[in-house]
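Asker:
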Amino acid sequence: MIDQHDGLCGRATRSGSPCKNRISGSDVACGTHATEQDRAVARAHRRGWNEGYKAGSESSASFAASRIGQLEQRVKELEEQLDDSQRVYEVAGHQVVDVGGYAYRWCGSEPLEVGDRVLLPENYVSRLRNGPGPTLGVVSKLGTTYRGPLADIVSRAPATAE
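Per the numbering used here, residue 1 is the first one in the sequence shown, and the count goes up by one each step.
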């Protein structure tokens with residue numbers, strides 16, 4: 001095989017001088033001088049390189065997805081730890097709950113549980129969306145990490161007939 005470090009065919013021409021046609025990739029000779037065996041070797045080399053590249057890409061993508069999953073899980077665990085360390089369940093002796101992503105104070109005698117239906121006080125947005133009066137909500141979490149003023153829950157929602 002001819003040294004191809006310069007990217008030229010190098011095979012002998014009719015005049016006997018080396019061919020100066022450029023070759024690239026898996027080719028071992030230019031189109032004029034390549035034999036059927038040279039073409040078969042080049043095709044096999046390209047096929048092997050493509051399969052190896054594809055397998056490497058898939059492996060890399062699989063590893064990256066796995067690592068991303070691990071990091072997302074770790075972030076979730078750390079967020080939960082931080083949330084737990086800062087979560088308060090009572091303010092001024094009254095239970096605090098999360099309803100729809102917002103914190104409310106419950107002044108009732110029986111504590112609320114996750115899933116309890118409650119009536120929330122009217123606010124500007126609820127009045128626009130639902131009209132005047134309290135709005136129905138469902139307790140999604142006990143406690144809060146919110147440190148600002150809290151609105152009071154109006155009451156437990158009446159039981160529905162099912």
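Quick reminder that beta carbons are idealized off the backbone N, C-alpha and C, glycines included.
Every value quoted in this text rests on a predicted model; they were computed, and no experiment measured them.
For Val154, which of helix, strand or coil comes out of DSSP?
Answerer: Here residue 154 refers to the residue found at position 154 when the sequence shown is read from its first residue. If DSSP states are grouped into helix, strand and coil, Val154 belongs with coil.
Asker: What residues match up with Gly137 in a beta bridge as DSSP calls it?
Answerer: As a first step, residue 137 must be located in the sequence shown, where it is residue number 137. Partner(s): Val118.
Asker: Restricting to Cα atoms, I'd like to know which of Tyr53, Gln73 and Arg14 is closest to His33.
Answerer: As a working mapping, residue 33 is identified with position 33 in the sequence shown. Out of Tyr53, Gln73 and Arg14, Arg14 has the C-alpha closest to the C-alpha of His33.
Asker: Count the other CB atoms, across all protein chains shown, that sit within 10 Å of the CB of Val165; report buried if there are 16 or more and exposed otherwise.
Answerer: Beyond the ends of the chain as shown, which are 1 and 162, falls residue 165; an answer cannot be given.
Asker: Hey, quick one: how far does the beta strand (DSSP E) through Asp38 stretch, first residue to last?
Answerer: By one-based count along the sequence shown, residue 38 stands at place 38. Looking at the DSSP string, Asp38 is not in any beta strand (DSSP E); the run it does join, the alpha helix (DSSP H), is Glu36 to Gln86.
Asker: Could you pull out every residue in the same chain whose Cβ sits closer than 7 Å to the Cβ of Gly143, ignoring the five residues on either side in sequence?
Answerer: Taking the sequence shown and counting its residues from 1, the one referred to as residue 143 is at position 143. The answer, listed in chain order, is Arg87, Val88, Tyr89 and Val96.
Asker: Compute the distance between the beta-carbons of Gly137 and Leu120, then report whether it is under 8 Å.
Answerer: Translated into the one-based positions of the sequence shown, residue 137 becomes position 137. Translated into the one-based positions of the sequence shown, residue 120 becomes position 120. Result yes, Cβ atoms of Gly137 and Leu120 sit closer than 8 Å.
Asker: Out of Gln73, Gly101 and Ser59, which one is the CA nearest neighbour of Ser145?
Answerer: The residue you call residue 145 lines up with position 145 of the sequence shown. Ser is not the amino acid found at residue 145; the sequence shown has Thr there. Out of Gln73, Gly101 and Ser59, Gly101 has the C-alpha closest to the C-alpha of Thr145.
Asker: Looking at the strands, I want to know which residues DSSP matches up with Asp98.
Answerer: Position 98 of the sequence shown, counted from the first residue, corresponds to residue 98. Per DSSP, Ala103 and Lys141.
Asker: In chain order, what residues of the same chain have a beta carbon less than 7 Å from the beta carbon of His5, not counting five sequence neighbours either side?
Answerer: Numbered from its first residue, the sequence shown carries residue 5 at position 5. The predicted model places His5 with a pLDDT of 48, which falls under 50 and marks its position as unreliable; any figure quoted below should be read in that light. Hits under 7 Å: none found.
Asker: Report the residue from Phe63, Ile153 and Ser140 whose alpha carbon sits nearest the alpha carbon of Asn123.
Answerer: Counted from its first residue, the sequence shown places residue 123 at position 123. The option with the nearest alpha carbon to Asn123 is Ile153.
Asker: Give me the Cα-Cα distance between Pro132 and Ser126, rounded to the nearest whole angstrom.
Answerer: The residue given as residue 132 occupies position 132 in the sequence shown. The residue given as residue 126 occupies position 126 in the sequence shown. So the alpha carbons of these two residues sit roughly 8 Å apart.
Asker: DSSP three-state call for Gln128: helix, strand or coil?
Answerer: Locating residue 128 in the sequence shown gives position 128, counting from the first residue. Per the sequence presented here, residue 128 reads as Leu, with Gln not at that position. Three-state DSSP puts Leu128 in a helix.
Asker: Between Arg105 and Val91, how many whole angstroms is the CB-CB distance? I'm expecting something under 8 Å.
Answerer: Within the sequence shown, numbered from 1, the residue matching residue 105 stands at position 105. Within the sequence shown, numbered from 1, the residue matching residue 91 stands at position 91. 6 Å between Cβ atoms; contact.
Asker: Measure how close the beta-carbons of Arg117 and Arg156 come, nearest whole angstrom, since I'm counting them as under 8 Å.
Answerer: Along the sequence shown, one-based indexing puts residue 117 at 117. Along the sequence shown, one-based indexing puts residue 156 at 156. Confirmed, about 7 Å.
Asker: Are three or more beta carbon pairs between the segment 52 to 66 and the segment 78 to 85 nearer than 8 Å?
Answerer: Touching, no, given that fewer than three Cβ pairs across the two stretches are closer than 8 Å.
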